[in-house]
Structures are given as C-alpha cells and as structure tokens.
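Please read the structure below before turning to the comments.
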Amino acid sequence: MAKQAAAMMAQMDAKGAGTGTITLSFGDKMTIKYNANIAISVPMGSGLTMKVDSKYTGTATSSDWTSKGGKIAGTMPTDDVKADMKATVGGKTVPMTTIPFKGAMDLRQGALAYTCSGSSATLAAPTVTWHLTKA
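Numbering (our numbering), first residue to last: 4 to 138.
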C-alpha cells in the first residue's frame with residue numbers, strides 16, 4: 004500500500020515503505036483490522052525532503068457482506084479505524100490536515116473486486132490493491 008501511495012506521486016520521485024499488518028477475516032462477519040504504518044518521503048528541492056508518516060489502527064466490520072462474480076458488496080457500519088498522520092519538512096513538523104479514514108473499504112458501490120488462487124487473494128479497490136496470503 005505504501006509503494007502504491009508513493010507511485011501516485013511518481014513525478015515527484017516519492018518513495019514509500021510500510022510496516023505492520025492489515026488483517027482480513029471472513030466468516031459470518033468480515034473484519035478488517037489495521038495495525039499498519041506507512042512512511043512516504045518526497046524530495047522538495049533545495050535539499051529539503053518532506054516525510055509523511057501515517058499510522059492506521061482499529062477495526063472495521065461488516066455483518067451483511069456478500070461476494071459474487073468477483074465483487075464484494077455490503078456495508079461496514081462498525082468502524083473505529085483511526086489515522087494519525089505527521090509531516091515533516093527539513094526535520095521540522097508542519098501542519099497536516101488528516102482526512103477522516105473510513106478504514107472500511109467501500110463495499111456499497113460493489114467496486115471492490117477480488118481474485119483467489121490457492122492460499123492467496125487479491126483485493127482491488129479503485130485506489131489501492133492488496134495482495135493477501137492466508138495466515
């Protein structure tokens with residue numbers, strides 16, 4: 004996910020790295036548990052670099068999820084996912100507006116596609132693709 008976020012800023016030569024986990028559990032409920040960190044570094048010119056560190060924690064749950072024809076649909080009304088973001092330029096903290104993170108993938112539009120093979124799966128949302136392996 005970090006590499007994809009950095010790739011969106013490719014014209015700025017951004018680099019991204021991620022640590023932690025995003026765990027999806029399927030059953031009567033579908034749960035997404037976040038404990039992940041994303042770090043993006045963007046050269047700004049004049050020797051300055053902007054660094055953005057994002058930490059995602061919490062859980063989103065759906066009790067009405069369905070899958071059919073390669074799409075996952077439903078709602079994720081239980082969502083306590085938080086995003087904590089910090090930006091620095093030249094080592095100094097700069098103000099950063101944090102957009103509320105609805106850790107739930109948008110299932111309502113049927114835009115989340117999936118493919119499965121053996122012990123792996125790929126989930127593709129409009130802005131990010133997750134390659135998953137069975138734990």
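Beta carbons: idealized from backbone N, C-alpha and C, even for Gly.
- One thing to note: Thr52 has its Cβ no nearer than 8 Å to the Cβ of Asn38.
- In the DSSP assignment, no residue is bridged to Lys32.
- The DSSP-derived three-state label of Met15 is helix.
- Going by C-alpha positions, Met99 is about 29 Å away from Leu115.
- The DSSP-derived three-state label of Val55 is strand.
- Counting along the chain, the unbroken beta strand (DSSP E) around Thr125 starts and ends at 123-127.
- Sequence-distant partners of Met15 (beyond 5 residues in either direction) whose C-beta falls short of 6 Å from its own C-beta, in its chain, are Val45.
- When Cβ pairs closer than 8 Å are counted between the two stretches, the region 69-78 is seen not to touch the region 86-99, the count staying below three.
- DSSP places Asp87 in the uninterrupted beta strand (DSSP E) bounded by 85-92.
- Looking at the DSSP output, Pro46 shares a beta bridge with Thr52.
- Distance from the Cα of Asp31 is smallest, within the candidate group Thr64, Ala42, Thr22, Lys58, for Thr64.
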